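Student: Before I ask anything, let me first share the structure, which is written out below as structure tokens.
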Amino acid sequence: MNTTLSKPPVFRFAPSPNGLLHLGHALSALLNQDMAKAVGGRLLLRIEDIDPARSTPEFEAAILEDLAWLGLDWEKPVRRQSDHLDLYREALGRLVKMGVVYPAFLTRGAIKTMVETFEQRGKVWPRDPEGAALYPPEERGHSPAQQQRMLASGKQHAWRLDMAKALAMVGETLSWQETGSGPKGETGSIAADPAAWGDVILSRADAPSSYHLSVVVDDALQGVTHVVRGQDLFHATAVHRLLQRLLDLPEPVYHHHRLILGPDGRKLSKSNRDTGIAAFRTAGKTPEDLRRAVL
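Its first residue numbered 919, the sequence shown is counted upward by one per residue in my numbering.
Here it is, written out as structure tokens:
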């Protein structure tokens, strides 16, 4: 008789403490809780405070207050990314040894000038799914000796994924299982296209890890089996699948949900306090009112 018990599914809600939570966050938090309960799963709360310039204890306290009022019930303790910077550095170091990342020294201003000069000639600079210009290719070809000389100069730099080398190392088509839907209704087995993002940043001078790197490391270490989040991150999943394969990390099931849009038709922003959970609460509304408003 097989007495092995399967582990319960693990979900997580992972806000960043760089502003107040809005109704879109409420939708995501409630969906994570409801889906976890429906399958007898666990719900984790992770504070993604990898950006020290924007994350504050005050915003974190507000997040915890909003979620408690909303009725969210998560496991303790809460994981904070700022407590685990060494793990992201270790993951980056593995990628450096694999030869699939390189130091990148161009500033935002320099990139902007290059793109503008290029497009003034009537040409089109390639852009990622969010419309940002892809990083110029020149530094990819630097020899190890050139890289070391640049690093030794002390000039500020980021570490970027060499997308072409990374895809060549993986050597196979990537995909993910989608139980929600993308912006165009995509669902089921989704073909991943990491190349559309170019040489993404994995670490920069003012933050030891990017969202892309830290999120895949955290999901793996916390045993997350189901990632439930907004459709604004649907296409970024392609980069996450590539990093998971490079670092030999498990693949969660993904569920991307609709976004709640503001009056202007754009996704909600933390800077717009009128759509915040706190504003909803102070207006005399109940958690049940909010649930009906977003689900």
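Think of the CB as a built atom: it goes at the ideal place given N, C-alpha and C, for glycine as much as any other residue. Note that the coordinates shown come from a computational prediction; the quantities given were computed from them, not determined experimentally.
(1) If you count every other CB in all the chains shown that lies within 10 Å of the CB of GLN999, and 16 or more means buried, which is it?
(2) Compute the Euclidean distance between the alpha carbons of GLY1027 and TRP1043, then round it to the nearest angstrom.
(3) Opposite PHE929 in the DSSP bridges: which residues?
(4) For a quick check, are the C-beta atoms of ARG1159 and LEU1092 less than 7 Å apart?
(5) Just the Cα atoms here: how many angstroms apart are LYS1102 and GLY1072?
(6) Which term fits GLY1202, buried or exposed, when burial requires 16 or more other beta carbons within 10 angstroms of its beta carbon?
(7) Please give the ranges of any alpha helix (DSSP H) in the segment 1068-1108, keeping only runs that are unbroken, at least 4 residues long and fully inside the region.
(8) Suppose the cutoff is 6 Å on Cβ atoms and the five residues either side in sequence are ignored; what does the same chain contact list for MET919 look like?
(9) By Cβ distance below 8 Å, which residues in the same chain neighbour MET1016 in space, the five residues on each side in sequence not counted?
(10) Closest to PRO975 by CA distance: which of TYR1006, LEU1010, SER934 is it?
(11) Let me know if THR1097 comes out buried or exposed under the rule of 16 or more other beta-carbons within 10 Å of its beta-carbon.
(12) Give the list of continuous alpha helix (DSSP H) stretches no shorter than 4 residues that lie fully inside the segment 972-1059.
(13) How is LEU1177 classed by DSSP in three states: helix, strand or coil?
(14) Among GLY1049, LEU961, SER1121, which residue has its Cα nearest to the Cα of LYS994?
(15) Three or more beta-carbon pairs under 8 Å between the segment 1141-1151 and the segment 1105-1121, yes or no?
(16) DSSP beta-bridge partners for HIS940?
(17) What residue from THR1105, GLY989, VAL1171 has the CA that sits closest to GLU1206's CA?
Tutor: According to the structure shown:
(1) Buried is the call here.
(2) GLY1027 and TRP1043 have their C-alpha atoms some 16 Å from each other.
(3) Paired residue(s): LEU961, HIS1144.
(4) Their beta carbons are under 7 Å apart, which means ARG1159 touches LEU1092 by this criterion.
(5) Going by the C-alpha atoms only, they are around 45 Å apart.
(6) It is exposed - the Cβ of GLY1202 has fewer than 16 other Cβ atoms within 10 Å.
(7) The qualifying runs are 1081-1088.
(8) Reliability fails at MET919, whose pLDDT of 41 lies under 50, so the model's placement of it is uncertain and no value is given.
(9) Cβ neighbours of MET1016 beyond the five flanking positions: MET1087, LEU1164.
(10) Among TYR1006, LEU1010, SER934, the Cα nearest to that of PRO975 belongs to SER934.
(11) That one is exposed.
(12) Taken in chain order, the complete alpha helix (DSSP H) segments of 4 or more residues contained in the segment 972-1059 are 975-988, 1003-1016, 1026-1037.
(13) If DSSP states are grouped into helix, strand and coil, LEU1177 belongs with coil.
(14) If we check each option's Cα against that of LYS994, LEU961 comes out closest.
(15) Pairwise C-beta distances place the segment 1141-1151 out of contact with the segment 1105-1121, as fewer than three of them are shorter than 8 Å.
(16) Answer is GLY1194.
(17) Closest option to GLU1206, Cα to Cα, is GLY989.
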